[in-house]
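These notes concern the structure reproduced below.
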Amino acid sequence: MSAVRLSLIIPSYNSAGFIADTIAGAIAYLERRGESFELIVVDDGSADGSLAELAELAAGHRALRLIQTGVNRGKGHAVRAGATRSSGARVVFTDADLAYPLTEIDKILKALDAGADIAVADRTAPQSLYHMSPEFFSYLYTRHVMSRVFNLMVRGWLGVRVRDCQAGLKGFSRSAADLIFARQRLEGFAFDVELLYIARRLGLRIDQVPVEFRYFSEPSTVDFLRDSLCAMRDLMRVRLYAARGFYA
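Count along the sequence shown from 1, add 88, and you get the number used in the working numbering.
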């Protein structure tokens, strides 16, 4: 059994404005839990000076490990880099902007400790709670509709029956992390779907967990359309990779 009970992975890209607060909050949260941990921050080719900031933070915290990808390759690559180099009995990744309060990790860990191989935040659950400004209401509705359409595509094309595939808070048992991340290939927008598809093929147990979620900002229309097209492309890639036996 691993001596480290929890590996927390935070992918980071151009996060100079907030990453120091995120790291401080994460370390404080992990220390309060009272179990052995490692905090792994993966810088995905940042160009805003945040890498130097992260290096300074890592030098001052023994439990903080910094991984550098060198160039920007995508969140999927950053998460995989952290997961494959982690050593914890449970592996969790969350977003650098802490859209999910750190205490929500407790819910993910509870599901894993109860026997789940994977625990996924579910923002669509009736028990979930959103914190947001009214100015984002219209965009949130559009995003919700598009998310439901995408989810139907995921169900139909890949057979993955998870309501919130792309939530940025997920946890894995050690054995599940080793099996899944060794097979992951996507590096961009839809890597979460690929993780869940691999888990389904391997017969792993996936629990969906209601969470609190803080909605701070909205991407541009161009970004939203681009990400939607990239997601559809990646779904086809998953089908292709499966046909080639990459997930066996």
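Glycine is no exception: its CB is placed at the ideal position from the N, C-alpha and C atoms. Computed from a predicted model, the values in this text were never measured in an experiment.
Item to complete: Within the same chain, show all residues whose beta-carbon is closer than 6 Å to that of ARG161, passing over the 5 residues directly before and after it, in chain order.
Response: Closer than 6 Å at Cβ, skipping near neighbours: GLU275.
Worksheet item: Taking the alpha carbon of GLY148 as the point to measure from, which residue in ILE111, GLY164, PHE301 has its own alpha carbon closest?
Response: For GLY148, the nearest C-alpha among the options comes from ILE111.
Worksheet item: Could you give the distance in angstroms between the alpha-carbon of LEU283 and the alpha-carbon of LEU217?
Response: Their Cα atoms are separated by approximately 25 Å.
Worksheet item: If you draw a straight line from the C-alpha of ALA114 to the C-alpha of LEU190, how long is it?
Response: The alpha-carbon atoms of ALA114 and LEU190 are separated by roughly 7 Å.
Practice prompt. Would you mind working out which of ARG211, SER174, ALA177 sits nearest GLU192, comparing C-alpha positions?
Written response: Closest in C-alpha terms to GLU192, from the list ARG211, SER174, ALA177, comes ARG211.
Fill in: Buried/exposed call for GLU144, threshold 16 Cβ in 10 Å
With fewer than 16 other Cβ atoms within 10 Å, it is exposed.
Worksheet entry | Exposure of GLU126, with buried meaning 16 or more beta-carbon neighbours within 10 Å | So GLU126 counts as buried.
Discussion item. Rounded to the nearest angstrom, what separates LEU197 and SER138 at their Cα positions?
Written reply: Between the C-alpha atoms of LEU197 and SER138 there is a straight-line separation of about 29 Å.
Discussion item. Using C-beta distances below 8 Å, list every residue in its chain close to ARG93, excluding the 5 sequence neighbours before and after it, in chain order.
Written reply: Closer than 8 Å at Cβ, skipping near neighbours: GLU123, SER124, PHE125, GLY176, ALA177, ARG178.
Worksheet item: Whose C-beta lies closer than 6 Å to the C-beta of GLN254 among residues of the same chain, with five residues either side of it excluded?
Response: Answer for GLN254: ASP280, listed in chain order.
Practice prompt. Could you check if ALA263 is buried or exposed, using at least 16 other CB atoms within 10 Å of its CB as the buried criterion?
Written response: The sequence as given places Ser at residue 263; Ala does not occur at that position. Classification of SER263: exposed, given that the 10 Å Cβ count is below 16.
Fill in: Cutoff 8 Å; reference ALA151; Cβ partners in own chain excluding five residues on either side
Excluding sequence neighbours, ALA151 sits near ILE115, LEU118, PHE125, GLU126, LEU127.
Discussion item. According to DSSP, GLY259 sits in a beta bridge with which residue or residues?
Written reply: DSSP lists VAL180, ALA207 as partners of GLY259.
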